[in-house]
Amino acid sequence: MSPGQIEFLKSQQKQQCLFCSIVEFQTPQYRVYEDNYFIGILDINPASKGHTIIIPKKHHKFINEIEEDFSIPIKKITNKIYEELQADVSIIINNGDKAGQKLPHASISIIPRYENDNINIEWQSNKASEEELKELSQKLMISKEIPKVEEKIEEINDYEEDERIP
0 MSPGQIEFLK SQQKQQCLFC SIVEFQTPQY RVYEDNYFIG ILDINPASKG HTIIIPKKHH
60 KFINEIEEDF SIPIKKITNK IYEELQADVS IIINNGDKAG QKLPHASISI IPRYENDNIN
120 IEWQSNKASE EELKELSQKL MISKEIPKVE EKIEEINDYE EDERIP
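Pasting the structure below:
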């Protein structure tokens, strides 16, 4: 395939993605947040008043494909909901089909929570064995990243004793 054909296919694929069309203002929306990497829009079928969806501007199917830090829009939108709507929030990420992801574009839902809002996010807890927990903790352990410190070698200048400044 030529580069032109590849670009054409990419543009066709983008046109089929609802969230990409929202990012590109091709679909009506109520935008409440925007930075260089993400937008926040009000859900048109909200779970509750103020339900906001954070969408990466680049097309990524899964959250783990996103390189940019999405904690900033989460914090800003959550703070705004708390200030303006006096609501607590549930932050939902459905990453993959088994997790309930409906569209092939990563997103994060911030759902304001109100008393008696009839939103139920519950699951049946299962008791895990010590052995299972130990094995999983080893498998899922993320090593602490220690920043590399570059050694700086100071340039040593030779001075005549008479020229040296104390």
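Following numbering that gives the first Met the number 0, the numbering of the sequence shown begins with 0 at its first residue and continues without gaps. C-beta: ideal position from N, C-alpha, C; glycine also. Since the model is a prediction, treat every value here as computed from it, not as a measurement.
Run of the beta strand (DSSP E) containing residue i, from where it starts to where it stops
| i | result |
| --- | --- |
| residue 47 | Taken as a continuous stretch (DSSP letters only), residue 47 belongs to no beta strand (DSSP E), as it is neither H nor E. |
| residue 21 | Looking at the DSSP string, residue 21 is not in any beta strand (DSSP E); the run it does join, the alpha helix (DSSP H), is 17-22. |
| residue 131 | Counting along the chain, residue 131 falls outside any beta strand (DSSP E), though it belongs to the alpha helix (DSSP H) covering 129-139. |
| residue 91 | 87-91 |
| residue 118 | Segment: none, residue 118 is in no beta strand (DSSP E) and carries neither H nor E. |
| residue 145 | It is not in any beta strand (DSSP E) - residue 145 carries neither H nor E in the DSSP assignment. |
| residue 106 | Careful: residue 106 lies outside any beta strand (DSSP E) and carries neither H nor E. |
Other residues of its chain near residue i: CB distance less than 7 Å, five sequence neighbours each side excluded
| i | result |
| --- | --- |
| residue 116 | 47 |
| residue 72 | 32, 34, 37, 39, 53 |
| residue 58 | 13, 16, 19, 104 |
CB of residue i within 8 Å of CB of residue j, strictly
| i | j | result |
| --- | --- | --- |
| residue 102 | residue 17 | yes |
| residue 50 | residue 128 | no |
| residue 60 | residue 105 | yes |
| residue 56 | residue 22 | yes |
Close beta carbons around residue i, own chain, < 8 Å, minus the five adjacent residues each side
| i | result |
| --- | --- |
| residue 126 | none |
| residue 80 | 49, 51, 86, 88, 109, 111 |
Residues near residue i in its chain [Cβ-Cβ closer than 6 Å; skip 5 each side]
| i | result |
| --- | --- |
| residue 92 | 62, 107 |
| residue 67 | 36 |
Extent of the continuous alpha helix (DSSP H) run through residue i
| i | result |
| --- | --- |
| residue 36 | Element bounds for residue 36: n/a, residue is neither H nor E. |
| residue 72 | 70-84 |
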